[in-house]
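K.L.:
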Ligand SMILES: *Cc1c(COP(=O)(O)O)cnc(C)c1O
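Numbering (this note's numbering), first residue to last: 2 to 387.
1. Can you tell me which residues form a DSSP beta bridge with residue 355?
2. Tell me, please, which residues DSSP counts as bridged to residue 7.
3. For residue 152 and residue 182, I'd like the C-alpha separation in whole angstroms.
4. In the DSSP assignment, what residue or residues form a beta bridge with residue 288?
5. Please report how far the alpha carbon of residue 204 lies from the alpha carbon of residue 42, in whole angstroms.
6. How long is the line joining the alpha carbons of residue 110 and residue 5, rounded to whole angstroms?
7. How big is the Cα-Cα spacing for residue 160 and residue 154?
8. Could you please give me the residues that DSSP links to residue 181 through a beta bridge?
9. Looking at ligand 1, does it come within less than 7 Å of residue 204, judged from the CB to the closest heavy atom?
10. Starting from residue 219 and walking both ways along the beta strand (DSSP E), at which residues does that stretch end?
11. Do residue 181 and ligand 1 come close, with the Cβ less than 7 Å from some heavy atom?
12. Tell me, please, which residues DSSP counts as bridged to residue 148.
13. List the DSSP bridge partners of residue 79.
14. Are three or more beta carbon pairs between the region 133 to 149 and the region 354 to 362 nearer than 8 Å?
15. Among 189, 92 and 83, which has the Cα closest to the Cα of residue 149?
16. Helix or strand or just coil, what does DSSP make of residue 121?
17. Whose CA, out of 278, 158 and 313, lies closest to the CA of residue 363?
18. Would you kindly check if the distance between the Cβ of residue 88 and the Cβ of residue 55 is under 8 Å?
19. Terminal residues of the continuous beta strand (DSSP E) containing residue 336?
20. Does the beta-carbon of residue 103 have 16 or more other beta-carbons within 10 angstroms, so that it is buried, or is it exposed?
21. Can you tell which of 315, 69 and 258 has the C-alpha that lies nearest to the C-alpha of residue 223?
22. Check whether the Cβ of residue 300 lies closer than 7 Å to any heavy atom of ligand 1, and answer yes or no.
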């Protein structure tokens, strides 16, 4: 049997072979393995150079200064560091932050942890298209608001927020803007200066780099203070201690350098594949777009299907690797909080699927997925009416 067609790039991407090759040169005795913090010998300096080269590669994709990049273990840690680290360091300036109901759990749970520490959080409900409007944000701002955290691209929907407009509102009210860009980097232009971003979370493994590595962009500004979450040797200018994972870091650097060169080509390839899939499904009834493709990245589509239940649909689709619009708890199947957050009815949310594509997706993958979906829908709907 053929391996399932992988259409779950928004969950994670495979490592690009060019990235794996660079990583493999930073592990063994004949490679660059030394501790980048070892200042007393040549192998240490060489490792430090490799880390600094990668820092520049990551900074270049977002037009930042390399000194604004802090290595972390992934976007989850970056979100925690941005939210808890910023709020704790700026306690005396204010205790209020604004975020939304459809952020990634790493943001939502960090904000909830802040609430437990006595911070006040306003949870914005997005528009039906999954976006937060500048007007909505403006009406939530208070004199004691210090932080706004809103994502650039939603991981379940693919919708793109107008970050420049949101940053303007945050700044007019004296707050800083944190952006979770785990799904946005390499997919949309992310010039931190033009957009007015103060803090931004990045992940390696959503962009053909390895898992377990990420970064937080921290704008260089005398007023910018972040309290560390992880204490130790004072690495990363005191914001994140721990021996730097050279092989992971050079992997993320290479992945981001490739994205700088090939991001637009990737997106053109992916847009063609997305359109091919939508064309193939065009004849079928009862398919809902959970978001508007005009305001979303082309690599993620979220579709709801009338007249079938999500679990049967997934069972019938074992030949393609995709995500559902539901999450299994120990007790029950719950519809995705993101789909519920944009007002998708419970039943439709439970029968929704996220399909996400990437650099290595082929026309054959798309055709197999379209064929499987068509068969599953027709079969399940027939059974339902018998
Ligand atoms: C994947 C993802 C994260 C978490 O990133 P990790 O590097 O896996 O910790 C955070 N935010 C968004 C939007 C994501 O898609």
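Glycine is no exception: its CB is placed at the ideal position from the N, C-alpha and C atoms.
No experiment lies behind these values; they were computed from the predicted model shown.
P.N.:
So, from the data block:
1. 303 and 324
2. Beta-bridge pairing links residue 7 to 322.
3. 6 Å
4. 306
5. 31 Å
6. Each residue's Cα considered, the two are about 33 Å apart.
7. In this structure, the CA atom of residue 160 is about 5 Å from the CA atom of residue 154.
8. 202
9. yes
10. 215 to 219
11. yes
12. Residue pairing by DSSP places residue 148 opposite 98 and 177 in a beta bridge.
13. None; residue 79 has no bridge partner.
14. no
15. 83
16. Looking at residue 121 - three-state DSSP - the assignment turns out to be strand.
17. 278
18. no
19. 334 to 336
20. buried
21. 69
22. Every heavy atom of ligand 1 is 7 Å or more from the Cβ of residue 300, so no.
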